[in-house]
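In terms of the numbering used here, the sequence shown opens at residue 10 and continues consecutively.
Yeah, the Cβ is synthetic: ideal placement off N, Cα and C, and Gly gets one too.
Quick notes on the structure that follows.
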Amino acid sequence: MGVAFFIIIRILFIACMVFIIGYIFGGFSKKPLLTSWSKVAAILVIVLFIAANIMAMRFAFRDGRGCFRDREHQEQIERYGR
Numbered sequence: 010m011g012v013a014f015f016i017i018i019r020i021l022f023i024a025c026m027v028f029i030i031g032y033i034f035g036g037f038s039k040k041p042l043l044t045s046w047s048k049v050a051a052i053l054v055i056v057l058f059i060a061a062n063i064m065a066m067r068f069a070f071r072d073g074r075g076c077f078r079d080r081e082h083q084e085q086i087e088r089y090g091r
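The structure is reproduced here in structure tokens:
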């Protein structure tokens, strides 16, 4: 379920980038409706970027062991301090 949310966030991020690029380089700035959508897309890009990074961190640390995926390596660090 979490991977699906991550994919949806990435697709929305790309759609927002299309609106921003269309506003800067295309004719979106000439139409008032597309101008307002581009402003909303600019805000959504920031929010979706943060949300995608939060989701990625949750996937990376969901085991509750931090960044250590190898239990033996973690025990070696605890034993020898390296």
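So residue 19 is in the alpha helix (DSSP H); what residue range does that whole segment cover?
Residues 11–34.
Should residue 24 go down as buried or exposed, given a rule of 16 or more other Cβ atoms within 10 Å for buried?
Flag for residue 24 reads exposed.
Straight-line CA distance for residue 85 to residue 16?
If I take the Cα positions, the gap works out to 37 Å.
Secondary structure at residue 92, three-state DSSP: helix, strand or coil?
This structure leaves residue 92 out entirely; the chain is present only between 10 and 91.
Roughly how many angstroms separate the alpha carbons of residue 48 and residue 29, rounded to a whole number?
Rounded to whole angstroms, residue 48 to residue 29 spans 8 Å at the Cα level.
Excluding the five sequence neighbours on either side, which residues of its own chain have a C-beta within less than 6 Å of the C-beta of residue 22, listed in chain order?
Once the five neighbours on either side are set aside, the close Cβ partners of residue 22 are 57.
Would residue 61 and residue 19 be called neighbours here (beta carbons separated by less than 8 Å)?
Cβ atoms of residue 61 and residue 19: closer than 8 Å.
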